[in-house]
Amino acid sequence: MTAIAPSTSCSRDDLVIGGRRFRSRLMTGTGKYPSLEAMRASLEASACEIVTVAVRRVQSGAPGHGGLMEAIDWSRLWMLPNTAGCATAEEAVRVARLGRELARLAGQEDNTFVKLEVIPDSRHLLPDPIGTLEAAERLVKEGFTVLPYINADPLLARRLEEAGCATVMPLGSPIGSGQGIRNAANISLIIENARIPVVVDAGIGVPSEAAQAMEMGADALLINSAIALAGDPPAMARAMALAAEAGRAALLAGRLPARAEASPSSPLEGRVTNH
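Just add 582 to wherever you are in the sequence shown, counting from 1, and you've got our numbering.
Laid out in structure tokens, this is it:
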């Protein structure tokens, strides 16, 4: 498992969030795994450096979360506490503060990161844009590095950036649905206009969709369900890591222009003819 990249590290293509540099552009989660052993092996295989943790589930000892904090080497992975389970801005702010303390207990004294989720819709799990913006504004003022989970709404993304968020995290499709990138046009608009990293979060089901998001210009991905619920979670984690790398490399390389007509790949000069 790779160690957390120090803030002073330098790389041609690091991911930078809140002034901290990371080599990996794949973030992963800790929920839904069949066992802690499968989770640990998957984190290793993914080569991720940022791992999100549901503060409420850890505190309550929810199924699958007992012993989670002790199972992860927090000297090597950066914790991203999340406010999953919060239905209002007030709840999210309170849980974010608890998340900061959780990171400190794990030895990350300077960790102010929070993945902001405000989700009152228990059926479709769609984030509340008004509550998210309200909570983000409050948390930024309190010194948090805020990574808000949002619908693929370009106007909301701009407002959150103006409020001081460190990233925006538009969903590709509903959480855990595995439907892939259903909001490509809006995500592309967010990417085009953002001056902060754009992290595609939720809905990715297979590596080709992960590569697609990166080829579109996303700066990073957060993938949990597709890895944790795979038949072989560590193998899927490795596949997602390779897809994220391939998509990023393809974006930087620059694709060939799309053409209306075919174009021969071999030169016409010197070809054999009947003459």
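Quick reminder that beta carbons are idealized off the backbone N, C-alpha and C, glycines included.
Environment of residue i [buried if 16+ CB atoms lie within 10 Å]
i: Lys-697; result: buried
i: Arg-607; result: buried
i: Pro-839; result: exposed
i: Arg-705; result: exposed
i: Ala-832; result: exposed
i: Ala-685; result: buried
i: Cys-592; result: The predicted position of Cys-592 is uncertain, since its pLDDT is 47 and thus under 50; a value taken from the coordinates is nonetheless stated next. Answer is exposed; the Cβ neighbour count stays below 16.
i: Ser-845; result: exposed
i: Arg-594; result: exposed
i: Ala-587; result: Summary for Ala-587: the model assigns pLDDT 49, below 50, so the residue's position carries little reliability, and this model does not support an answer.
i: Gly-725; result: exposed
Residue i and residue j closer than 7 Å at C-beta
i: Leu-804; j: Met-609; result: yes
i: Ala-718; j: Leu-742; result: yes
i: Ser-624; j: Pro-779; result: no
i: Thr-749; j: Leu-729; result: yes
i: Ser-770; j: Arg-764; result: no
i: Ala-653; j: Arg-622; result: yes
i: Glu-797; j: Gly-762; result: no
i: Pro-789; j: Ala-825; result: yes
i: Ala-793; j: Ala-823; result: no
i: Ile-712; j: Pro-736; result: no
i: Val-722; j: Gly-746; result: yes
i: Ala-795; j: Val-782; result: yes
Proximal residues to residue i (C-beta, below 6 Å), its chain only, five neighbours per side dropped
i: Ala-666; result: Ala-636, Glu-699
i: Thr-590; result: Here Thr-590 scores only 44 on pLDDT, less than 50, and its place in the model should not be relied on; the value that follows carries that caveat. Closer than 6 Å at the Cβ level, and outside the excluded window around Thr-590, lies no residue.
i: Ile-632; result: Met-609, Trp-660, Leu-662
i: Ala-585; result: Confidence at Ala-585 is low in this model, with a pLDDT of 49, below 50, so its placement is unreliable and the value that follows should be read with caution. Here the set comprises Arg-658.
i: Thr-727; result: Gly-600, Thr-694, Phe-695, Ala-748
i: Ala-812; result: Met-818
Cβ-Cβ separation, residue j to residue i (assumed contact under 8 Å), whole Å
i: Leu-597; j: Thr-634; result: Contact flag wrong, Cβ pair sits at about 15 Å.
i: Leu-707; j: Ile-757; result: 5 Å
i: Ser-807; j: Gly-760; result: 7 Å
i: Arg-720; j: Val-675; result: 5 Å
i: Ala-810; j: Gly-613; result: 7 Å
Closer than 6 Å: residue i CB and nearest the ligand NAP heavy atom
i: Tyr-731; result: Absence of the ligand NAP from the depicted structure is noted, as is the absence of any ligand whatsoever, leaving it without description.
Close-in-space but distant-in-sequence residues of the same chain around residue i (CB under 7 Å, 5 per side omitted)
i: Val-677; result: Val-637, Arg-638, Thr-665, Cys-668
i: Ala-776; result: Ala-739, Glu-743, Val-750
i: Pro-709; result: Glu-699, Val-700, Ile-701, Tyr-731, Ile-732, Asn-733
Next item on the list: Run through the stretch 677-720 for me and flag every whole beta strand (DSSP E) of 3 or more residues, listed as ranges in chain order.
Entry: 695-698
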